[in-house]
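Visitor:
Chains as they are written, first to last, in this note's numbering: chain R, 1 to 107; chain W, 1001 to 1112.
(1) Can you pull the DSSP bridge partners for residue 1049 of chain W?
(2) Let me see if you follow: with CB-CB separation under 8 Å, is residue 6 of chain R close to chain W or not?
(3) Would residue 4 of chain R and residue 95 of chain R qualify as a contact pair, given that the criterion is a beta-carbon distance under 8 Å?
(4) Of the residues that make up the region 11 to 38 of chain R, which ones have a beta carbon closer than 9 Å to any beta carbon in chain W?
(5) I want to see whether chain W comes within less than 8 Å of residue 86 of chain R, judged by CB atoms only; does it?
(6) Tell me, please, which residues DSSP counts as bridged to residue 11 of chain R.
(7) Pull up the distance between the alpha-carbon of residue 39 of chain R and that of residue 102 of chain R, whole angstroms please.
(8) Is it the case that the Cβ atoms of residue 1004 of chain W and residue 1103 of chain W are separated by a distance below 8 Å?
(9) Entirely within the region 46 to 106 of chain R and at least 3 residues each: give me those beta strand (DSSP E) ranges in chain order.
(10) Are residue 6 of chain R and residue 98 of chain R close, meaning C-beta to C-beta below 8 Å?
(11) Who are the neighbours of residue 44 of chain R on chain W, taking C-beta pairs under 7 Å?
(12) Rank R/72, R/87, R/100, R/28 by C-alpha distance to the C-alpha of residue 17 of chain R and give the top, closest one.
(13) What is the rounded straight-line gap between the Cα of residue 24 of chain R and the Cα of residue 8 of chain R?
(14) Quick one: which residues of the region 1038 to 1068 of chain W get their C-beta closer than 9 Å to a C-beta of chain R? List them in chain order.
(15) Since residue 1020 of chain W sits in a beta bridge, which residues does DSSP pair it with?
(16) For the 8 Å Cβ check, are there 3 or more pairs between the region 63 to 81 of chain R and the region 1004 to 1024 of chain W?
(17) So, does the CB of residue 1028 of chain W fall closer than 8 Å to a CB anywhere in chain R?
(18) With DSSP as the reference, please indicate the residues paired to residue 33 of chain R in a beta bridge.
(19) For the beta strand (DSSP E) containing residue 1065 of chain W, list its first residue and its last residue.
(20) Have a look at W/1051, W/1095, W/1061, W/1072 and flag the residue whose alpha-carbon is nearest the alpha-carbon of residue 1079 of chain W.
(21) Just grab the DSSP bridge partners of residue 19 of chain R for me.
(22) Where do the N-terminal and C-terminal ends of the beta strand (DSSP E) with residue 1109 of chain W fall, by residue?
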């Protein structure tokens, strides 16, 4: 299983773009990169998933370089409600959650 | 579309007692997962079912934890006997595709 490394915490202000980078040096050929968001007292929620290059949906973008050894989750114009823990997962048949990145958005 | 349902939401028991958690996945989802999330940590997979068969239970403490998924739909997770270190949130998730899992609200277990 690919091991992931992400910052423990990040701070931002409302309206700013936030980029959270995840390192996964031993990613396997079949592995996908998936990001989840978790609010206190709730289960994680799927945000976005990609295999290579760039993926965009209504809430986030995911940038994956050609070597796929890292990925960046981009949250445009964050609001207070984006304060949460963000998990980067790498895998195909099995996904392993790390400790995640705690994002704090301030006014 | 109804989400993943779990009950109870909270449970307090004394050590050495037994407890059971119930999960009803999203209709049509063949894969069901049970996770344990200790405060401050990411969820840890305990067991994964595909329909009513076990795909992965490598991290399930089988001396005290058991899980079943009858008829490939609902699932129960049991702990017997409970230890203090079992205090955690127990999350159930289901998926159609492995990589996009839908989580329930979890059951917060406190063992005293």
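Beta carbons are placed, not taken as given, at the ideal position from N, Cα and C, and that holds for glycine. Note that the coordinates shown come from a computational prediction; the quantities given were computed from them, not determined experimentally.
Guide: Result, derived from the coordinates:
(1) The sequence position of residue 1049 of chain W within the second chain is 49, counting from 1. DSSP lists W/1032, W/1054 as partners of residue 1049 of chain W.
(2) Within the first chain, residue 6 of chain R is the residue found at index 6, counting from 1. Output row for residue 6 of chain R: interface = no.
(3) Reading the first chain from its first residue, position 4 is the one you call residue 4 of chain R. Reading the first chain from its first residue, position 95 is the one you call residue 95 of chain R. No, Cβ-Cβ distance for residue 4 of chain R and residue 95 of chain R is not below 8 Å.
(4) 32, 34, 36, 38
(5) Within the first chain, residue 86 of chain R is the residue found at index 86, counting from 1. Not closer than 8 Å to any Cβ of chain W, the Cβ of residue 86 of chain R fails to qualify, so no.
(6) Translated into the one-based positions of the first chain, residue 11 of chain R becomes position 11. According to DSSP, residue 11 of chain R bridges with R/104.
(7) As a position in the first chain, residue 39 of chain R is number 39, starting the count at 1. As a position in the first chain, residue 102 of chain R is number 102, starting the count at 1. Near 10 Å, if we compare the C-alpha coordinates of residue 102 of chain R and residue 39 of chain R.
(8) Position 4 of the second chain, counted from the start, is the residue given in the question as residue 1004 of chain W. Position 103 of the second chain, counted from the start, is the residue given in the question as residue 1103 of chain W. Contact flag set, yes.
(9) 53 to 56, 61 to 64, 70 to 75, 84 to 91, 101 to 106
(10) Taking the first chain and counting its residues from 1, the one referred to as residue 6 of chain R is at position 6. Taking the first chain and counting its residues from 1, the one referred to as residue 98 of chain R is at position 98. Against a cut-off of 8 Å, the Cβ pair of residue 98 of chain R and residue 6 of chain R comes out as a contact.
(11) Counted from its first residue, the first chain places residue 44 of chain R at position 44. In chain order: 1043, 1103.
(12) Within the first chain, residue 17 of chain R is the residue found at index 17, counting from 1. Measuring from the Cα of residue 17 of chain R, the nearest candidate turns out to be R/72.
(13) On the first chain, position 24 is the one that residue 24 of chain R refers to. On the first chain, position 8 is the one that residue 8 of chain R refers to. Spanning the two alpha carbons is a distance of roughly 15 Å.
(14) 1040, 1041, 1042, 1043, 1044, 1045, 1048, 1055, 1056
(15) As a position in the second chain, residue 1020 of chain W is number 20, starting the count at 1. BP columns for residue 1020 of chain W point to W/1078.
(16) no
(17) To locate residue 1028 of chain W, count along the second chain from 1; it is residue 28. Taking Cβ atoms only, chain R never reaches closer than 8 Å to residue 1028 of chain W, which makes this a no.
(18) For the purposes of this step, residue 33 of chain R is taken as residue 33 along the first chain, with counting starting at 1. Per DSSP, R/50, R/90.
(19) Position 65 of the second chain, counted from the first residue, corresponds to residue 1065 of chain W. Run containing residue 1065 of chain W: 1065 to 1068, per the beta strand (DSSP E) assignment.
(20) For the purposes of this step, residue 1079 of chain W is identified with residue 79 of the second chain, where counting begins at 1. Ranking W/1051, W/1095, W/1061, W/1072 by Cα distance to residue 1079 of chain W puts W/1061 first.
(21) Translated into the one-based positions of the first chain, residue 19 of chain R becomes position 19. According to DSSP, which records beta bridges pairwise, residue 19 of chain R is partnered with R/74.
(22) The count along the second chain starts at 1 and reaches residue 1109 of chain W at position 109. Where residue 1109 of chain W is concerned, the enclosing beta strand (DSSP E) stretches over 1107 to 1111.
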